[in-house]
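68 is the number that this note's numbering gives to position 46 of the sequence shown; each next residue is one higher, with no gaps.
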Amino acid sequence: MGFKTRRKNVDVGRTSKAMILPAFLEIGRESSIAGNRLILSDPRGEISEEMLLEFYEKHVEPILWQYFRQQQQTQKVDKP
């Protein structure tokens with residue numbers, strides 16, 4: 023099952039930021055990361071970045087924004 027958490031982004035050098043992963047996750051030597059505004063990450067590095075990006079662009083991004091807009095409309099209707 024999934025988890026949810028909020029983490030601070032940490033500056034690393036002049037051009038990078040690091041994301042601190044929760045201790046309970048099983049991680050590998052490298053993580054695979056893909057995304058845009060949202061990030062998909064495989065902390066074990068078993069799924070290629072190309073596969074993550076394809077999945078993100080095909081399945082996550084379009085459905086998330088549809089869901090997000092619906093939630094915004096619902097909130098507007100619910101407000102007096």
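Note that the Cβ used here is the ideal one computed from N, Cα and C, for glycine as well. In this text, all values refer to a predicted model and were calculated from it rather than measured experimentally.
Asked                                                                                                        : Found
For H81, the nearest candidate out of I42, R28, L62, K30 (CA to CA)                                          : L62
Other residues of its chain near I85: CB distance less than 7 Å, five sequence neighbours each side excluded : none
Cβ neighbour criterion (16 or more within 10 Å) applied to L74                                               : buried
Where S70 falls, given that 16 or more other Cβ within 10 Å makes a residue buried                           : exposed
Own chain, CB closer than 8 Å to G50, minus 5 neighbours either side, in chain order                         : P65, R66, G67, E68
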